[in-house]
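Read the structure below first, then the notes.
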Amino acid sequence: MSVIKTDALKKTYMLGKVPVPALRGVDIDVVKGEFIALMGPSGAGKSTLLNMVGMLDSPTSGDIFIDGTNVSTLSENMRVDFRLEKIGFIFQFFNLFMELTALENVILPMMLLGKDMNECRRQGRELLHVVGLDERENHLPSELSGGEQQRVTIARSLVNNPSFLLADEPTANLDTENASQIVTLFRRLNAELGITIFMVTHEEELGQKADRIIRLRDGVVV
Amino acid sequence: MRLSIRVILFMALKDIFKDKRILALVVFALTIGYTNVLMSTAVMNSFIGLFYDQITDTTVPHIVVEPREEKKFIEHTESKVKNIEGIAGVVGVASHLNSSGIVILKNKNIGCSVVGITPSLEKNISIIPEKIEKGTFLNDKEKTSVLIGTMLADDLEVSVGQKVTLVYSNGVKREYSVKGIVNTGFLFVDMLNVYVTREEIESVFGTHDRSTEIGVRLADRDAVGTYKLLIMKQLPSDDVKTWEEKMGFFVQLIGVLKIIWNAIRMMGLLTVIVTIAIIIYVNVTSKRRQIGILKAIGARNHIVLGIFLLEAVLWSMMGTFFGLILSHVLAYILNSIRIVLPIGLLVLRISSEAILLTVFLIFIASLLAAFMPARQGSRINIIKAIWGG
Numbered sequence: 070m071s072v073i074k075t076d077a078l079k080k081t082y083m084l085g086k087v088p089v090p091a092l093r094g095v096d097i098d099v100v101k102g103e104f105i106a107l108m109g110p111s112g113a114g115k116s117t118l119l120n121m122v123g124m125l126d127s128p129t130s131g132d133i134f135i136d137g138t139n140v141s142t143l144s145e146n147m148r149v150d151f152r153l154e155k156i157g158f159i160f161q162f163f164n165l166f167m168e169l170t171a172l173e174n175v176i177l178p179m180m181l182l183g184k185d186m187n188e189c190r191r192q193g194r195e196l197l198h199v200v201g202l203d204e205r206e207n208h209l210p211s212e213l214s215g216g217e218q219q220r221v222t223i224a225r226s227l228v229n230n231p232s233f234l235l236a237d238e239p240t241a242n243l244d245t246e247n248a249s250q251i252v253t254l255f256r257r258l259n260a261e262l263g264i265t266i267f268m269v270t271h272e273e274e275l276g277q278k279a280d281r282i283i284r285l286r287d288g289v290v291v
Numbered sequence: 029m030r031l032s033i034r035v036i037l038f039m040a041l042k043d044i045f046k047d048k049r050i051l052a053l054v055v056f057a058l059t060i061g062y063t064n065v066l067m068s069t070a071v072m073n074s075f076i077g078l079f080y081d082q083i084t085d086t087t088v089p090h091i092v093v094e095p096r097e098e099k100k101f102i103e104h105t106e107s108k109v110k111n112i113e114g115i116a117g118v119v120g121v122a123s124h125l126n127s128s129g130i131v132i133l134k135n136k137n138i139g140c141s142v143v144g145i146t147p148s149l150e151k152n153i154s155i156i157p158e159k160i161e162k163g164t165f166l167n168d169k170e171k172t173s174v175l176i177g178t179m180l181a182d183d184l185e186v187s188v189g190q191k192v193t194l195v196y197s198n199g200v201k202r203e204y205s206v207k208g209i210v211n212t213g214f215l216f217v218d219m220l221n222v223y224v225t226r227e228e229i230e231s232v233f234g235t236h237d238r239s240t241e242i243g244v245r246l247a248d249r250d251a252v253g254t255y256k257l258l259i260m261k262q263l264p265s266d267d268v269k270t271w272e273e274k275m276g277f278f279v280q281l282i283g284v285l286k287i288i289w290n291a292i293r294m295m296g297l298l299t300v301i302v303t304i305a306i307i308i309y310v311n312v313t314s315k316r317r318q319i320g321i322l323k324a325i326g327a328r329n330h331i332v333l334g335i336f337l338l339e340a341v342l343w344s345m346m347g348t349f350f351g352l353i354l355s356h357v358l359a360y361i362l363n364s365i366r367i368v369l370p371i372g373l374l375v376l377r378i379s380s381e382a383i384l385l386t387v388f389l390i391f392i393a394s395l396l397a398a399f400m401p402a403r404q405g406s407r408i409n410i411i412k413a414i415w416g417g
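Chains as they are written, first to last, in this note's numbering: chain A, 70 to 291; chain B, 29 to 417.
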């Protein structure tokens with residue numbers, strides 16, 4: 070079953086009055102349980118495709134289907150709700166809320182869904198355990214290492230049981246050891262929990278750990 | 029709608045309390061702003077209240093009946109006084125027979141207002157009988173004594189028991205013993221007035237049952253307009269004025285002062301608005317990426333807007349709370365050191381109306397100030413916010 074599917078996806082930005090095509094008709098199909106690496110040189114359209122799949126931006130033409138729903142036609146608020154329930158985001162700059170503890174960061178998406186606080190905490194602790202941060206739930210991000218912060222982000226991305234994780238260069242700001250731990254964690258989540266992962270990376274070694282690599286060049290899949 | 033309020037409250041509280049020093053600075057700034065607004069209101073209301081009270085208690089009763097321009101006196105005063113006394117809501121009526129004059133002691137001659145009063149009735153329309161600083165008040169039949177304003181007495185260097193000479197506007201010159209010194213704290217009374225009995229001044233002017241003014245005191249000062257009309261019906265041949273009309277110049281002056289004070293108050297309010305707007309704007313600007321993340325993971329625009337608006341409200345509530353305390357402390361200190369103005373002792377009172385009005389104004393101002401930057405934050409483009417575009 071397709072979790073992510075794009076159909077003739079195009080995106081053209083305007084640089085002043087000059088149209089700059091970023092995606093020139095991309096067709097991808099990611100099925101449930103796959104670990105996909107999206108790779109390509111700088112300017113290939115990786116981030117643009119990630120933004121489209123993450124519903125952070127709208128295509129110029131073409132369709133995006135998530136769990137079978139054509140999200141290109143959804144209203145802004147429906148897109149927000151769809152992101153909250155279906156997609157787990159992991160960004161390269163960790164992007165935690167600095168005033169919240171690790172646990173509070175993890176449960177924030179659950180709170181946005183209006184879930185019971187006790188249930189939020191229970192689920193949050195469970196996920197911190199999954200990413201190996203049981204003892205750090207009350208620590209602020211400033212008290213965590215880069216690798217630990219990224220693991221908190223991963224726990225947060227999982228908290229609403231999304232259809233897939235969308236990871237944008239998740240190891241770009243980590244040292245080799247922490248990067249390796251994160252990749253291992255991704256593999257474990259994918260293998261043990263069957264979580265679909267759609268990861269943008271420029272690191273060939275990291276890409277090789279995925280089930281499949283989708284390569285983009287000049288806005289098309291090659 | 030999902031339980032957005034919980035997330036808004038959670039995030040706003042976390043953000044506010046994350047840096048205690050910044051919180052303290054923000055609250056301090058808002059406290060000063062709130063105190064400024066509340067204290068300027070208190071000073072204005074207390075000053076105007078004191079001024080109006082002093083005028084109506086010592087100089088011009090709530091309603092004044094005067095002879096028409098072409099006449100010198102109100103005729104048949106006694107019957108007119110009785111008529112007015114019969115009106116429900118009138119708590120006191122007394123007539124005055126006034127003159128200008130010169131009071132003389134040794135080689136000092138000072139111009140004054142001679143007020144001819146019926147001592148037993150004066151308490152019905154003014155507080156002069158209660159304001160005898162030295163000596164005693166007059167009796168109705170007293171013909172050889174006067175009361176003299178305290179500043180005038182100081183200028184003359186006269187004390188109780190000494191003799192002064194009074195020259196009336198008709199040229200009659202008589203000698204009186206100073207029976208009491210009047211100290212109302214109101215410049216215009218204490219500096220100008222000499223009080224004699226009605227009986228005495230009637231003998232000076234060779235007149236009876238005439239007066240230059242009839243003063244009327246009401247149970248409700250604010251109802252002067254209604255009572256003026258009632259009295260005008262009773263006394264069609266005389267000129268009836270409210271105290272505000274009689275003191276037109278001073279009331280206008282107070283009107284100008286009110287404008288100035290309100291401008292100062294608005295500046296205080298503006299300070300609060302600008303402070304909050306800057307804080308929220310800086311907050312939004314410095315949190316672009318976090319706002320982007322919050323929106324990316326599924327927060328609708330209204331949640332982001334709500335967080336910043338609630339922060340503004342919480343800040344203003346804290347500023348209001350501490351401002352209220354500071355204002356009361358300041359008022360207590362200023363009242364303790366006794367601020368004596370030419371119109372009397374200024375007692376600062378922070379009324380509950382002023383507090384409610386200021387709280388309301390600050391609350392609305394906070395929301396208005398925060399709205400634009402908060403809305404700007406809520407509409408941040410996620411991609412630009414996260415990737416710094």
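Note that CB positions come from ideal geometry on N, CA and C, so glycine has one too. The model shown is predicted, which means the values in this text are computed figures rather than measured ones.
Identification of residues in the stretch 177-189 of chain A having a C-beta nearer than 9 Å to some C-beta of chain B yields 177, 178, 180, 181, 182, 183, 184 and 186, given in sequence order.
Counting only Cβ-Cβ distances below 7 Å, residue 168(A) has contacts in chain B at 42, 43 and 46, in chain order. No Cβ-Cβ contact shorter than 8 Å links residue 108(B) with residue 166(B). A direct Cα-to-Cα measurement between residue 37(B) and residue 300(B) gives close to 22 Å. Counting only Cβ-Cβ distances below 9 Å, residue 152(A) has contacts in chain B at 323, 324, 325 and 326, in chain order. Judged by their CB atoms, residue 213(B) and residue 77(B) are not nearer to each other than the 8 Å cut-off.
Separation of the CB atoms of residue 115(B) and residue 161(B) is rounded to 34 Å, and the pair is thereby denied contact status at 8 Å. Scanning the stretch 94-153 of chain A for uninterrupted alpha helix (DSSP H) segments of 4 residues or longer gives 115-122, listed from N- to C-terminal end. Taking one beta carbon from each stretch, the stretch 222-239 of chain B and the stretch 166-183 of chain B have 3 or more pairs nearer than 8 Å; the two touch. Collapsing the DSSP output to three states places residue 126(B) in a strand. Comparing C-alpha distances from residue 215(B) to each of 58(B), 369(B) and 34(B) shows the shortest one belongs to 369(B).
Of the candidates 80(B), 266(B) and 79(B), the residue whose Cα lies closest to the Cα of residue 96(B) is 266(B). By the Cβ-count criterion, residue 159(B) is buried, with 16 or more other Cβ atoms from all chains shown falling within 10 Å of its own Cβ. Distance from the Cα of residue 211(A) is smallest, within the candidate group 224(A), 165(A) and 256(A), for 165(A). Where residue 290(B) is concerned, the enclosing alpha helix (DSSP H) starts and stops at 276-314.
Against chain B, the CB of residue 136(A) has no partner CB under 8 Å away; the residue lies outside that interface. In the same chain as residue 367(B), and ignoring 5 residues on each side of it, the C-beta atoms closer than 6 Å to its own belong to 374, in chain order. Legend: CB atoms of the stretch 220-250 of chain A lying less than 7 Å from CB atoms of chain B are not found in any residue. Residue 35(B) has a beta carbon lying within less than 8 Å of a beta carbon in chain A.
For a Cβ distance threshold of 8 Å, residue set 164, 166 and 167 of chain A lies close to residue 318(B), ordered along the chain. Annotated three-state conformation of residue 369(B) is strand, per DSSP. Proximity of the stretch 260-278 of chain A to the stretch 97-109 of chain A meets the contact definition, three or more beta-carbon pairs being nearer than 8 Å.
If you draw a straight line from the Cα of residue 118(A) to the Cα of residue 80(A), it is about 9 Å long.
Counting only the Cα atoms, residue 151(B) lies some 44 Å from residue 61(B). Annotated as proximal: residue 137(B) and residue 130(B), with beta-carbon spacing under 8 Å. Residue 393(B) counts as buried, since at least 16 other C-beta atoms from the protein chains shown sit within 10 angstroms of its C-beta. Taking the CA atoms as reference points, residue 40(B) sits about 5 Å from residue 339(B).
A distance of 8 Å or more separates the beta carbons of residue 175(A) and residue 209(A). Around the beta carbon of residue 116(A), a 10 Å sphere encloses 16 or more other beta carbons of the protein chains shown; the residue is thus reported as buried.
The stretch 250-262 of chain A and the stretch 79-93 of chain A do not touch, with fewer than three beta-carbon pairs separated by less than 8 Å.
The shortest C-alpha to C-alpha distance from residue 203(A) to any of 178(A), 182(A), 184(A) and 172(A) is the one to 172(A). Per DSSP, the unbroken beta strand (DSSP E) holding residue 83(A) starts and ends at 71-84.
A direct Cα-to-Cα measurement between residue 296(B) and residue 362(B) gives close to 20 Å.
Between residue 244(B) and residue 112(B), the C-beta spacing is below 8 Å. Contact of residue 267(A) with chain B by beta-carbon distance below 9 Å is absent, the smallest such distance being about 15 Å.
Counting along the chain, residue 113(B) sits inside the alpha helix (DSSP H) bounded by residues 105-113.
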